[in-house]
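Colleague: For the sequence shown, the numbering used here begins at 23 and goes up steadily by one.
We treat Cβ as the ideally placed atom computed from N, Cα and C, and that holds for glycine.
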Amino acid sequence: MEVSAKLARFIVETGFDEIPPDAIAAAKRAILDTLGVALSGTREQSAKIVAKVVANLGGQPSASLFGAPLRTSPSNAALANGVMAHALDYDDDIGVGYGHPSAVIVPTVLALGEALGRSGREVIEAYVLGVEVWLKIARAMPRLHTLGWHPTGIFGALGAAVAASKLMRLDVDQTTMVLGLGGSHAAGLIQNLGTMAKPFHAGNAARGGIIAAMLVSEGLTATREVLEGNFGLPAALCGTGATDPASMVEDLGAPFAVVRPGINVKRYPCYYSAHKCIDAVLHLIDEFDFEPDDVISVHCLVPDRVTKILFHTSPQTGLEAKFSMQFFMAAAIIDRGLRLAQFTDAKVNDARIRGLMKRVTMSEHRIMEGSDIPLDHPDAVTVTLKGGKQISHAVAIAKGHADNPLTKAELLGKYGECAGLVMHEEDVARLGDILAGLDKLADVKELTRLLRTRPSC
Numbered sequence: 023m024e025v026s027a028k029l030a031r032f033i034v035e036t037g038f039d040e041i042p043p044d045a046i047a048a049a050k051r052a053i054l055d056t057l058g059v060a061l062s063g064t065r066e067q068s069a070k071i072v073a074k075v076v077a078n079l080g081g082q083p084s085a086s087l088f089g090a091p092l093r094t095s096p097s098n099a100a101l102a103n104g105v106m107a108h109a110l111d112y113d114d115d116i117g118v119g120y121g122h123p124s125a126v127i128v129p130t131v132l133a134l135g136e137a138l139g140r141s142g143r144e145v146i147e148a149y150v151l152g153v154e155v156w157l158k159i160a161r162a163m164p165r166l167h168t169l170g171w172h173p174t175g176i177f178g179a180l181g182a183a184v185a186a187s188k189l190m191r192l193d194v195d196q197t198t199m200v201l202g203l204g205g206s207h208a209a210g211l212i213q214n215l216g217t218m219a220k221p222f223h224a225g226n227a228a229r230g231g232i233i234a235a236m237l238v239s240e241g242l243t244a245t246r247e248v249l250e251g252n253f254g255l256p257a258a259l260c261g262t263g264a265t266d267p268a269s270m271v272e273d274l275g276a277p278f279a280v281v282r283p284g285i286n287v288k289r290y291p292c293y294y295s296a297h298k299c300i301d302a303v304l305h306l307i308d309e310f311d312f313e314p315d316d317v318i319s320v321h322c323l324v325p326d327r328v329t330k331i332l333f334h335t336s337p338q339t340g341l342e343a344k345f346s347m348q349f350f351m352a353a354a355i356i357d358r359g360l361r362l363a364q365f366t367d368a369k370v371n372d373a374r375i376r377g378l379m380k381r382v383t384m385s386e387h388r389i390m391e392g393s394d395i396p397l398d399h400p401d402a403v404t405v406t407l408k409g410g411k412q413i414s415h416a417v418a419i420a421k422g423h424a425d426n427p428l429t430k431a432e433l434l435g436k437y438g439e440c441a442g443l444v445m446h447e448e449d450v451a452r453l454g455d456i457l458a459g460l461d462k463l464a465d466v467k468e469l470t471r472l473l474r475t476r477p478s479c
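In structure tokens, the structure reads:
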């Protein structure tokens with residue numbers, strides 16, 4: 023059974039002209055969203071710490087850090103920029119439980135693309151193929167969350183590795199071994215959700231992918247059976263016989279993963295699988311116009327994967343609050359929305375927020391034993407008000423999901439709001455224009471140069 027080599031052959035033989043227009047458009051939207059989120063993420067403490075360490079590490083100045091004048095090596099830049107992109111948990115998602123591809127792949131392709139002088143077409147090509155490998159491997163290794171593995175760090179190491187290999191123009195055998203080396207770099211623990219280590223998973227995967235490609239290009243060898251081998255990554259993480267590696271090479275590019283299942287853009291800066299409930303409670307607020315003091319209780323009906331991940335039932339920090347249904351519901355009801363500014367230590371410890379959090383509960387959908395919850399199964403929120411009145415609303419597909427996407431205006435609005443926190447208005451507009459024509463860009467240095475422009479704050 024040949025799996026790793028087949029994936030590698032697909033990567034090497036697929037060029038920009040084989041990528042259809044809808045996939046190219048999806049990639050450009052994802053890169054726009056990611057860079058907006060990453061720029062706003064430069065203000066986070068985790069991003070500042072990693073940027074400081076990267077500056078101390080030095081390195082040949084060939085790749086840019088987002089929102090800073092510093093240039094460093096591609097692997098160091100990818101580490102820092104990956105942390106920035108994932109620091110706010112506002113970056114995109116794919117599938118359910120498959121992780122956050124763009125926070126890893128975009129920093130990888132921009133850092134290495136800048137250093138190698140690659141075009142916008144080549145950057146898009148590498149991004150699309152990196153996400154493709156990510157999704158095709160991930161769908162054969164479901165429910166990593168429940169085993170304690172963070173998919174972004176696991177699948178990200180492989181997606182970044184092949185994206186870097188593509189930009190370095192490695193051959194099939196080299197790309198196969200780059201996958202093998204990426205498998206040995208795959209890492210990330212669910213236990214670290216709600217800490218600064220979570221965004222490190224994204225940056226670490228991006229850095230590792232670049233290093234893997236560089237090492238193999240110089241002659242370092244690795245297994246050619248990282249996916250199908252008896253001791254390969256799927257068997258090691260999920261158990262022997264628990265996965266079907268052969269399925270990883272089915273339907274490659276038919277359609278591309280950026281099109282189907284597609285990229286899910288986040289409307290709220292927190293755990294994605296809770297967005298249905300956030301949409302639901304905001305709908306109830308809008309429809310019934312109740313006040314926080316009217317609320318007796320809030321109950322959320324969700325899949326078991328949500329209750330397992332949202333283990334911060336009494337968060338103490340803004341980072342922990344990103345994985346707390348209690349905080350999502352309380353903050354949304356009190357502030358009539360859920361935005362970046364709410365995920366702070368001060369907000370989490372506000373007396374009104376903490377009081378309402380105590381009245382929020384969750385339970386799991388009842389299903390037949392051995393059955394999985396369909397991805398479009400509605401999650402529901404029920405609010406009990408003073409006097410005993412109960413109001414409920416269910417949402418099947420969250421706003422921002424690939425099947426319920428943000429409008430162009432909404433996407434540009436999110437990008438502008440995020441990037442505008444750290445860039446001058448004219449630079450935000452210029453960056454948006456460059457990204458809209460990314461496939462026409464002769465050298466991505468024109469893009470990365472702007473990302474280094476002087477911050478507005």
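1. Considering Cα atoms alone, identify which of Arg381, Pro43 and Asp398 is closest to His387.
2. Does any residue of chain B bring its CB to less than 9 angstroms from the CB of Ser84?
3. With distances taken from CA atoms, which of Ala77, Gly202 and Leu274 is nearest Phe253?
4. Would you kindly work out how many angstroms separate the C-alpha atoms of Ile41 and Val145, rounded to a whole number?
5. Hey, Met270 and Lys158 are a contact pair by Cβ (cut 8 angstroms); roughly how many whole angstroms apart?
6. Determine the contact status of Cys322 and Ala402, defining contact as a CB-CB distance below 9 angstroms.
7. In terms of DSSP beta bridges, what is His321 paired with?
8. Select from Leu79, Gly119, Asn78 and Thr36 the residue whose C-alpha is nearest the C-alpha of Arg327.
9. Can you give the Cα-Cα distance for Leu362 and Asp113, rounded to whole angstroms?
10. List the residues that DSSP assigns as beta-bridge partners of Ala85.
11. Around the Cβ of Glu66, are there at least 16 other Cβ atoms within 10 angstroms (buried) or fewer (exposed)?
12. Between Thr480 and Asp311, what straight-line distance do the alpha-carbon atoms span, to the nearest angstrom?
13. According to DSSP, is Ser62 helix, strand or coil?
14. Would you mind stating whether Val153 and Ala77 have Cβ atoms separated by less than 9 angstroms?
15. So, do the region 103-112 and the region 120-129 have three or more beta carbon pairs nearer to each other than 8 angstroms?
16. Which value, in whole angstroms, describes the spacing of the CA atoms of Cys292 and Met163?
17. Starting from the C-beta of Pro3, find all residues in its chain whose C-beta is less than 6 angstroms away, skip the five residues before and the five after it, and write them out in chain order.
18. Helix, strand or coil for Val75? Go by DSSP, reduced to three states.
19. Output the boundary residues of the alpha helix (DSSP H) element that contains His399.
20. If I measure Cβ to Cβ from Ser187 and keep anything under 6 angstroms in the same chain, skipping five residues before and after, which residues do I get?
21. Just the Cα atoms here: how many angstroms apart are Pro314 and Val303?
22. Which same chain residues, not among the five before or five after Ala2, have their C-beta less than 6 angstroms away from its C-beta?
23. Which residue's Cα is closest to the Cα of Ala60: Arg31, Ala464, Ala343 and Ile127?
24. To which residues does DSSP link Leu443 through a beta bridge?
25. For Met390, which residues of its own chain have a beta-carbon under 6 angstroms away from its beta-carbon, when the five flanking residues on both sides are left out?
26. Short of 6 angstroms in beta carbon distance, which residues of its chain neighbour Gln348, apart from the five on each side in sequence? Order them along the chain.
Modeller: According to the data block:
1. Numbered from 1 along the sequence shown, position 365 holds the residue referred to as residue 387. Among Arg381, Pro43 and Asp398, the Cα nearest to that of His387 belongs to Asp398.
2. The displayed structure is made up of one protein chain only, and chain B is not part of it.
3. In the sequence shown, residue 253 corresponds to position 231, counting from 1. Nearest of Ala77, Gly202 and Leu274 to Phe253, Cα basis: Gly202.
4. What you label residue 41 is simply residue 19 of the sequence shown in a count that begins at 1. What you label residue 145 is simply residue 123 of the sequence shown in a count that begins at 1. Approximately 13 angstroms, taken between the alpha carbons.
5. Counting from 1 along the sequence shown, the entry for residue 270 is found at position 248. Counting from 1 along the sequence shown, the entry for residue 158 is found at position 136. Their Cβ separation, rounded to whole angstroms, is 5 angstroms, which keeps Met270 and Lys158 in contact under 8 angstroms.
6. On the sequence shown, position 300 is the one that residue 322 refers to. On the sequence shown, position 380 is the one that residue 402 refers to. Contact flag set, yes.
7. By one-based count along the sequence shown, residue 321 stands at place 299. Answer by DSSP bridge pairing, in chain order: Thr383 and Thr404.
8. On the sequence shown, position 305 is the one that residue 327 refers to. When each option's Cα is compared against that of Arg327, the closest is Gly119.
9. Here residue 362 is taken as the residue at index 340 of the sequence shown, counted from 1. Here residue 113 is taken as the residue at index 91 of the sequence shown, counted from 1. Approximately 12 angstroms between the Cα atoms of the pair.
10. The residue you call residue 85 lines up with position 63 of the sequence shown. DSSP output for Ala85 lists Thr94 as bridge partner(s).
11. Translated into positions along the sequence shown, residue 66 becomes position 44. With 16 or more Cβ atoms within 10 Å of its Cβ, Glu66 is classed as buried.
12. There is no way to answer for residue 480, as the model of the chain reaches only from 23 to 479.
13. Residue numbering aside, residue 62 sits at position 40 when the sequence shown is read from its first letter. Ser62 falls in the helix class under three-state DSSP.
14. Taking the sequence shown and counting its residues from 1, one reaches residue 153 at position 131. Taking the sequence shown and counting its residues from 1, one reaches residue 77 at position 55. The answer is no: Cβ separation not under 9 angstroms.
15. yes
16. Position 270 of the sequence shown, counted from the first residue, corresponds to residue 292. Position 141 of the sequence shown, counted from the first residue, corresponds to residue 163. The alpha-carbon atoms of Cys292 and Met163 are separated by roughly 24 angstroms.
17. Absent from the model: residue 3. The displayed extent of the chain is 23 to 479, so no value can be given.
18. The residue labelled residue 75 in the question sits at position 53 within the sequence shown. Here Val75 sits in helix by DSSP.
19. Taking the first residue of the sequence shown as position 1, residue 399 is located at position 377. No alpha helix (DSSP H) contains His399, which DSSP labels as neither H nor E.
20. In the sequence shown, residue 187 corresponds to position 165, counting from 1. Hits under 6 angstroms: Thr197, Val200 and Ala235.
21. In the sequence shown, counting from the first residue as 1, residue 314 sits at position 292. In the sequence shown, counting from the first residue as 1, residue 303 sits at position 281. Their backbone Cα atoms lie some 12 angstroms apart in a straight line.
22. Shown here, the chain extends from 23 to 479; a query on residue 2 therefore has no answer.
23. For the purposes of this step, residue 60 is taken as residue 38 along the sequence shown, with counting starting at 1. Measuring from the Cα of Ala60, the nearest candidate turns out to be Ile127.
24. For the purposes of this step, residue 443 is taken as residue 421 along the sequence shown, with counting starting at 1. For Leu443, which the question treats as bridged, DSSP gives no partner whatsoever.
25. Counting from one through the sequence shown, the residue named residue 390 turns up at place 368. With a pLDDT of only 49 at Met390, under 50, the local geometry of the prediction cannot be trusted, and the value read off the model is given with reservation. Once the five neighbours on either side are set aside, Met390 has no close Cβ partner at all.
26. On the sequence shown, residue 348 is found 326 positions in, with the first residue counted as 1. Counting only Cβ-Cβ distances below 6 angstroms, and skipping sequence neighbours, we find Thr335, Met379 and Val382.
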